[in-house]
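Colleague: Protein chains in written order, with my numbering: chain A, 1 to 614; chain B, 1 to 614. Supplied in structure tokens, the structure appears directly below.
Number of protein chains: 2
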Amino acid sequence: MRNDQLAELGQQLRVDAVRAADAAGSGHPTSSMSAADLAAVLLAHHLRYDFDQPDHPGNDRLIFSKGHASPLLYALYRVAGAIDDEELLSFRRLDSRLEGHPTPRLPWVDVATGSLGQGLPVGVGMALAGKRLDQIPYRVWVLAGDSEMAEGSVWEAVEHAAYEHLDNLTLIIDVNRLGQRGPTRHGWDLEAYARRLGAFGWHTIEIDGHDVVAVDAALKEAGSTVGQPTAIIARTRKGRGVAEVEDREGMHGKPLPDAAAAIEELGGPRFIRVDVHKPPAAKVLHTALGGPLSLPAFEVGESVATRTAFGKALAALGSARSDVVALDGEVGDSTRTEYFAKVHPSRFFECYIAEQELVGTAVGMQARGYVPYASTFAAFLTRAHDFIRMAAVSRAAINLVGSHAGVAIGQDGPSQMGLEDLAMFRALHGSTVLYPCDANQTARLVAAMAELPGVSYLRTSRGNMPVIYGPDEEFPVGGSKVLRSSDRDRVTVVAGGVTVHEAVRAADLLGQEGIDVRIVDLYSVKPADAVTLQEAADATGCLLTVEDHRPEGGIGDAVAEAFTDGRPMPRLVRLGVRNMPGSATPEEQLHMSGIDAESIAAAVRLLVEQAVVR
Amino acid sequence: MRNDQLAELGQQLRVDAVRAADAAGSGHPTSSMSAADLAAVLLAHHLRYDFDQPDHPGNDRLIFSKGHASPLLYALYRVAGAIDDEELLSFRRLDSRLEGHPTPRLPWVDVATGSLGQGLPVGVGMALAGKRLDQIPYRVWVLAGDSEMAEGSVWEAVEHAAYEHLDNLTLIIDVNRLGQRGPTRHGWDLEAYARRLGAFGWHTIEIDGHDVVAVDAALKEAGSTVGQPTAIIARTRKGRGVAEVEDREGMHGKPLPDAAAAIEELGGPRFIRVDVHKPPAAKVLHTALGGPLSLPAFEVGESVATRTAFGKALAALGSARSDVVALDGEVGDSTRTEYFAKVHPSRFFECYIAEQELVGTAVGMQARGYVPYASTFAAFLTRAHDFIRMAAVSRAAINLVGSHAGVAIGQDGPSQMGLEDLAMFRALHGSTVLYPCDANQTARLVAAMAELPGVSYLRTSRGNMPVIYGPDEEFPVGGSKVLRSSDRDRVTVVAGGVTVHEAVRAADLLGQEGIDVRIVDLYSVKPADAVTLQEAADATGCLLTVEDHRPEGGIGDAVAEAFTDGRPMPRLVRLGVRNMPGSATPEEQLHMSGIDAESIAAAVRLLVEQAVVR
């Protein structure tokens with residue numbers, strides 16, 4: 001395309017952004033207009049993408065990290081012939097796929113954006129997959145705003161990308177100098193960004209983002225740079241092309257005051273179509289089919305930590321299917337992903353202590369068809385909460401494994417204890433939350449996760465625990481195990497993980513006193529096994545939940561939720577971690593928090609004595 | 001102190017770290033040994049701290065961001081005479097204040113550490129307070145590990161500190177080249193760190209961290225550098241001084257294999273005492289006492305967004321007391337902290353789009369006696385979840401305000417909707433969770449938050465809502481309001497925020513059909529008003545919760561928790577956001593998610609028709 005045509009294309013994108021936001025009555029046209037020339041040249045000359053085959057493995061990946069520039073993205077789709085003008089103007093309407101911020105409801109959008117600073121971490125995952133797994137020469141293009149460069153997650157990704165020499169990754173920064181509520185820290189000081197990125201090992205190019213010749217040259221240079229990722233740092237003007245809003249504060253996130261005049265000022269609507277370059281033929285290498293799955297088997301009575309069982313099961317799963325990858329937050333010796341790393345080093349990714357990048361990379365890899373297991377301490381997954389939340393919006397299938405759950409870790413103290421993780425994961429849309437209490441159960445659940453949609457979470461424990469289930473036992477997601485049951489049960493104890501063993505010990509103590517209790521191992525916290533819980537309620541009338549987690553948001557709440565269909569409720573009593581733990585042995589911790597066998601037994605006795613239960 | 005004495009002091013710290021970990025049977029001696037010389041010189045020559053007066057406003061602040069080096073910190077305390085040898089050896093024992101990672105159970109520890117990458121963000125808050133609020137020349141010293149430099153939160157703080165010219169802040173990086181599971185990305189490449197920090201505008205000094213002369217000179221240079229924060233990048237050896245562990249992998253986080261031999265190799269125990277330099281006299285400027293509090297008053301029937309009421313109330317609160325500060329995540333025009341910024345610019349802190357830094361700064365400021373209100377979209381507070389979790393461990397009193405709650409925001413779509421925030425905040429130890437539905441209620445709660453301990457959260461809404469309470473009405477934390485009540489009520493609807501208004505509308509619809517419902521406005525989600533809920537349960541037998549939040553972890557779970565004392569349960573039914581929203585108007589969103597008046601009325605009708613309720 002000639003330069004004047006490229007400039008015309010930029011104007012078309014601007015007009016369409018104005019039109020879409022005007023039709024919607026909301027949206028971010030000015031943030032779209034600043035990046036229009038960058039996007040025009042990218043689409044016309046550099047992107048390789050088959051819009052008829054969004055699943056083509058050779059397609060480049062385009063991520064609008066500045067997701068609020070969605071009108072620009074949708075305007076590009078119209079240029080490419082992927083959507084028509086009528087759909088463009090459905091922007092932000094109920095039932096339109098053109099949401100305020102892009103989501104994978106559109107087949108050309110891999111991941112949802114709109115929480116700033118997430119595009120590059122996800123892009124790193126895609127670029128890593130391209131380099132180290134797919135071996136397909138697709139490029140990953142990330143369009144970012146200048147404001148979001150303040151997000152730490154961006155710098156986690158910048159470090160990761162440089163360290164991995166991801167020369168298939170290009171970051172395009174739309175430096176329009178204005179954030180939502182005013183100027184950014186660095187304004188139009190392109191060199192401020194270049195200095196920082198350069199120090200991390202990136203190749204940087206500073207340009208005028210409205211000069212299509214410069215843009216074209218920069219994108220070409222990015223494509224031919226070897227051994228380093230490239231950042232194109234483009235000076236632009238927010239609202240470019242319309243004097244009433246151009247480079248003016250207070251114009252963020254709203255339609256233009258006078259859209260008709262603006263469209264006229266921009267030269268009116270245009271209908272340029274671009275035949276986007278098609279990608280070369282490419283073949284997917286990974287496969288869910290491999291050798292037969294031979295999960296590790298543990299003997300009943302053996303003492304094994306569930307984190308160890310996780311590591312061994314993941315290694316086995318990796319042998320059975322080549323689409324499984326493991327990601328570590330520099331604690332692989334603790335989470336036991338090191339077992340996987342030893343057997344499958346090419347599918348193991350060290351993300352160092354950067355949990356947002358850890359999860360972002362996982363999201364990027366699942367978008368390329370892989371089945372990622374990302375793991376760190378349960379406590380530190382809270383670091384990536386916003387990424388996990390956005391993964392749910394992305395309809396991403398990722399598996400997260402948090403080790404060192406609860407006070408049972410012992411002496412390291414509260415900073416290392418996952419005590420809020422169940423609450424975090426339960427509240428996610430479409431999530432699955434699993435919490436095994438023994439090694440064979442863990443192994444089965446690790447394998448089951450590979451087939452689940454959405455965000456799946458496995459909570460593992462630091463300390464050894466006795467194996468209580470045989471290796472052939474099955475543990476369907478959504479199920480539970482009734483470990484003790486009789487027609488004399490006066491209370492049902494619902495437990496998970498470490499407290500299952502405490503509950504069993506409590507049942508032994510109580511049995512000596514003639515008090516029978518039912519025990520439910522709620523290994524699937526979400527979905528929870530409502531039927532079994534309801535049966536237990538009918539039989540015993542009272543459910544006592546006990547969990548190594550805060551009283552809010554975990555097993556106690558999950559059990560209560562099983563009775564929210566309007567049916568008569570059983571009596572519900574809950575034990576959880578209500579204190580602020582310090583350092584102590586695991587046994588002392590469980591006791592101090594009131595969730596050990598003695599505490600459970602005491603609670604049951606109280607319920608029986610107070611005749612709360614029959 | 002002479003150089004040979006400084007070196008001896010370093011050895012003492014090493015020996016004590018080895019002894020403490022040996023006594024505990026766990027801990028991180030090798031990570032302490034690498035930083036021993038740095039700590040020795042800092043304590044002996046540069047720190048100004050009165051250990052008898054930890055509240056002295058002139059005290060320097062010392063933050064061990066690498067909190068696992070706690071044995072070193074406690075060894076310092078012994079040198080300073082703050083603890084005795086017996087207490088040192090109580091490390092990690094039940095009831096010892098010397099926890100595995102430092103917490104404010106010790107009077108000399110301002111904030112808990114142990115989740116890496118948090119010390120610098122918190123230190124920036126303290127240094128900002130010193131510069132812009134306290135006007136006291138204390139220095140903030142942050143000791144960090146090299147591994148944690150991978151955390152994005154560190155780079156948020158690095159950017160913030162340079163931008164604010166915090167020359168009272170020194171970062172000491174203990175570059176021992178070994179992380180938990182192996183080498184770091186940059187090993188001993190000090191220049192890699194210097195290049196990055198320098199690019200962000202920091203003064204950097206590279207030294208041999210075991211050369212006490214070099215350490216002394218570097219600390220002095222840091223103290224005399226003007227206009228820039230300084231980073232001392234120190235090459236050290238993990239486990240320094242004991243050949244069996246020095247610079248060896250696999251020696252992280254465990255006592256030395258042969259402590260007795262190690263102590264001998266280090267020259268045996270020493271009992272050097274240092275009289276730490278006292279700070280100059282200093283006076284606290286801020287005060288809780290100011291003018292009378294004149295909260296904004298809104299007229300019943302007026303249409304006001306609770307976010308607007310928050311902004312106005314916060315500005316008023318800032319006029320009444322000079323210890324109130326406001327922090328913004330570059331969305332002050334949306335959260336309405338801009339009202340505060342206009343009236344109190346000197347106490348307004350723009351943290352840009354860096355939510356971890358936003359919360360870290362707030363934690364640092366509350367440690368200096370301020371009452372911070374940090375605000376961004378509710379959805380984006382998830383970005384800082386780990387910081388908020390650690391704030392609870394720090395016993396920090398911070399106020400967090402999340403705007404744009406729920407699907408009611410409308411067209412911007414799910415990335416911008418706070419739908420998991422109540423779950424996140426409810427599960428925190430000692431937290432308070434408030435969710436007002438009108439402007440006067442909001443104003444009262446904003447004022448109440450200033451007096452609360454721990455992490456307090458206020459959830460505000462984007463859209464205008466009718467004012468339903470008079471300006472003189474009181475809203476105690478832990479209370480609720482019964483908006484409709486009669487002896488014919490068949491169901492109790494428990495709502496919060498926007499759904500209160502939907503519930504009122506539903507009651508009107510149902511009233512026309514002869515169905516009376518009780519309405520409880522649960523503005524205090526945690527603690528919840530168990531008494532009122534229990535009374536409503538006794539009266540109506542069935543509680544229907546309705547919330548603009550995921551069904552898990554929010555109002556539904558809070559209400560269920562009010563019945564976990566063993567009493568008979570009412571029937572509980574919940575309405576919450578079970579779909580994945582797209583873009584639509586606020587009204588359409590509430591309807592699509594089944595939490596609008598029509599949905600509530602339909603649910604009540606069903607309950608009545610099914611004779612679930614009497």
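Ideal Cβ placement from N, Cα and C applies to all residues, glycine included.
1. Would you list the one or two residues that DSSP bridges to N3 of chain A?
2. Can you give the beta carbon distance from E206 of chain B to I233 of chain B, rounded, assuming they're within the 8 angstroms contact cut?
3. How many whole angstroms separate the CB atoms of D529 of chain A and G406 of chain A, which I take to be in contact at a CB cut-off of 8 angstroms?
4. Enumerated in chain order, which unbroken segments of the beta strand (DSSP E) with a length of 3 residues or greater are wholly contained in the region 420 to 484 of chain B?
5. Please list, in chain order, the residues of the region 195 to 214 of chain B that have any C-beta partner in chain C closer than 8 angstroms.
6. Hey, out of A:C542, A:H286 and A:G267, whose CA is closest to P57 of chain A's CA?
7. Give the DSSP-derived three-state secondary structure of I172 of chain B in the structure shown.
8. Which runs of the alpha helix (DSSP H) at least 4 residues long sit entirely within the region 195 to 258 of chain A? Give them in chain order.
9. How long is the line joining the alpha carbons of T204 of chain B and L190 of chain A, rounded to whole angstroms?
10. Can we say the region 571 to 591 of chain B touches the region 506 to 517 of chain B, given the rule of at least three CB pairs closer than 8 angstroms?
11. How big is the Cα-Cα spacing for A341 of chain B and Q534 of chain B?
12. Of all the options B:S90, B:E357 and B:C437, which has the alpha carbon lying nearest to the alpha carbon of A75 of chain B?
13. Given that a residue counts as buried once 16 or more other Cβ atoms are within 10 Å of its Cβ, and exposed if not, what is E86 of chain A?
14. Need the endpoints of the beta strand (DSSP E) that L42 of chain B sits in, please.
15. Output, in sequence order along the chain, the residues in the region 150 to 174 of chain A whose CB is closer than 9 angstroms to any CB in chain B.
16. Report the residues of the region 409 to 442 of chain B with a CB closer than 7 angstroms to any CB of chain A, ordered along the chain.
17. K526 of chain A CB to nearest chain B CB: under 9 angstroms?
18. Would you identify the three-state DSSP class for F380 of chain A, choosing helix, strand or coil?
19. Locate the beta strand (DSSP E) running through A326 of chain B, then write down its first and last residues.
20. Does the region 424 to 435 of chain A come within contact of the region 592 to 607 of chain A, defined as at least 3 CB pairs closer than 8 angstroms?
21. Apart from the five residues on each side of it in sequence, which residues of its chain come closer than 6 angstroms, Cβ to Cβ, to M569 of chain A?
22. Taking 9 angstroms as the CB-CB cut-off, is H385 of chain A touching chain B?
23. Could you check how far apart the C-beta atoms of E151 of chain B and L116 of chain B are, in whole angstroms? I think they sit under 8 angstroms.
24. To the nearest angstrom, report how far apart A536 of chain B and K283 of chain B are at their CA atoms.
25. State the beta-bridge partners of N399 of chain B as determined by DSSP.
26. Give me the DSSP bridge partner(s) of R61 of chain B.
27. Between the region 289 to 306 of chain A and the region 346 to 356 of chain A, do at least 3 Cβ pairs fall closer than 8 angstroms?
28. Run down chain B in chain order and give the residues with a C-beta less than 9 angstroms from the C-beta of I515 of chain A.
29. Does the CB of V393 of chain B have a neighbour CB from chain A at under 9 angstroms?
30. Classify L422 of chain A as buried or exposed, calling it buried when 16 or more other Cβ atoms lie within 10 Å of its own Cβ.
31. Against P568 of chain B, what residues of chain A qualify as contacts under a CB-to-CB distance less than 7 angstroms, listed in chain order?
32. At least one CB of chain B closer than 9 angstroms to the CB of V331 of chain A: is that the case?
33. Check each candidate in A:Y469, A:Q589 and A:H501 and name the one with the smallest Cα separation from D95 of chain B.
34. What's the gap between the Cα of L9 of chain B and the Cα of V41 of chain B?
35. Within the continuous alpha helix (DSSP H) that includes I519 of chain A, where are the two ends?
36. List the residues of chain B that A24 of chain A touches, going by C-beta distances under 7 angstroms, in chain order.
Modeller: Let me lay it out:
1. Partner(s): none; N3 of chain A has no beta bridge.
2. That belief holds up - the Cβ atoms of E206 of chain B and I233 of chain B are roughly 5 angstroms apart, short of 8 angstroms.
3. In fact, because the Cβ distance is near 21 angstroms, the residues do not count as touching under 8 angstroms.
4. For secondary structure counted as the beta strand (DSSP E) over 3 or more consecutive residues, the region 420 to 484 of chain B holds these complete runs in sequence order: 432 to 434, 455 to 459, 464 to 466 and 481 to 484.
5. You won't find chain C in this structure, because its protein chains are A and B.
6. In terms of CA proximity to P57 of chain A, A:H286 leads the group A:C542, A:H286 and A:G267.
7. In the structure shown, I172 of chain B falls within a strand segment according to DSSP collapsed to helix, strand and coil.
8. Qualifying alpha helix (DSSP H) stretches, in chain order: 212 to 224.
9. One C-alpha to the other measures close to 23 angstroms.
10. Short answer: they don't touch.
11. Distance between the alpha carbons of A341 of chain B and Q534 of chain B: 43 angstroms.
12. When C-alpha distances from A75 of chain B are compared across B:S90, B:E357 and B:C437, the shortest belongs to B:S90.
13. By the neighbour-count criterion, in which a residue is buried when 16 or more other Cβ atoms sit within 10 angstroms of its Cβ, E86 of chain A is exposed.
14. Here L42 of chain B belongs to no beta strand (DSSP E), and DSSP marks it neither H nor E.
15. Listed by position along the chain: A150, E151, G152, S153, V154, W155, E156, A157, V158, E159, H160 and Y163.
16. Along the region 409 to 442 of chain B, going in chain order, the ones with a CB nearer than 7 angstroms to a CB of chain A are Q411, D412, G413, P414, S415, Q416, E420, A423, M424, R426, A427, L428 and H429.
17. Yes, its Cβ sits closer than 9 angstroms to a Cβ of chain B.
18. F380 of chain A falls in the helix class under three-state DSSP.
19. That run of the beta strand (DSSP E) goes V324 to D328.
20. By the Cβ test, the region 424 to 435 of chain A is not in contact with the region 592 to 607 of chain A, since fewer than three Cβ pairs between them sit closer than 8 angstroms.
21. Answer for M569 of chain A: F563, listed in chain order.
22. Chain B, which has a Cβ nearer than 9 angstroms to the Cβ of H385 of chain A, makes this yes.
23. Right, their Cβ atoms sit about 6 angstroms apart.
24. Near 52 angstroms, if we compare the C-alpha coordinates of K283 of chain B and A536 of chain B.
25. Beta-bridge partners assigned by DSSP to N399 of chain B: B:Y373 and B:S456.
26. Paired residue(s): B:V140.
27. With fewer than three CB-CB distances shorter than 8 angstroms, the region 289 to 306 of chain A does not count as touching the region 346 to 356 of chain A.
28. None at all; the shortest Cβ gap to chain B is about 16 angstroms.
29. Cβ-Cβ to chain A under 9 angstroms: yes for V393 of chain B.
30. Residue environment analysis places L422 of chain A among the buried positions, since at least 16 neighbouring C-beta atoms fall within 10 angstroms of its C-beta.
31. Within chain A, the residues R571 have their CB atoms less than 7 angstroms from the CB of P568 of chain B, given in chain order.
32. Yes, V331 of chain A counts as interfacial toward chain B.
33. When each option's Cα is compared against that of D95 of chain B, the closest is A:Q589.
34. Rounded to the nearest whole angstrom, the C-alpha separation of L9 of chain B and V41 of chain B is 8 angstroms.
35. No alpha helix (DSSP H) holds I519 of chain A; the beta strand (DSSP E) holding it covers V517 to D521.
36. Per Cβ cutoff of 7 angstroms: Q411.
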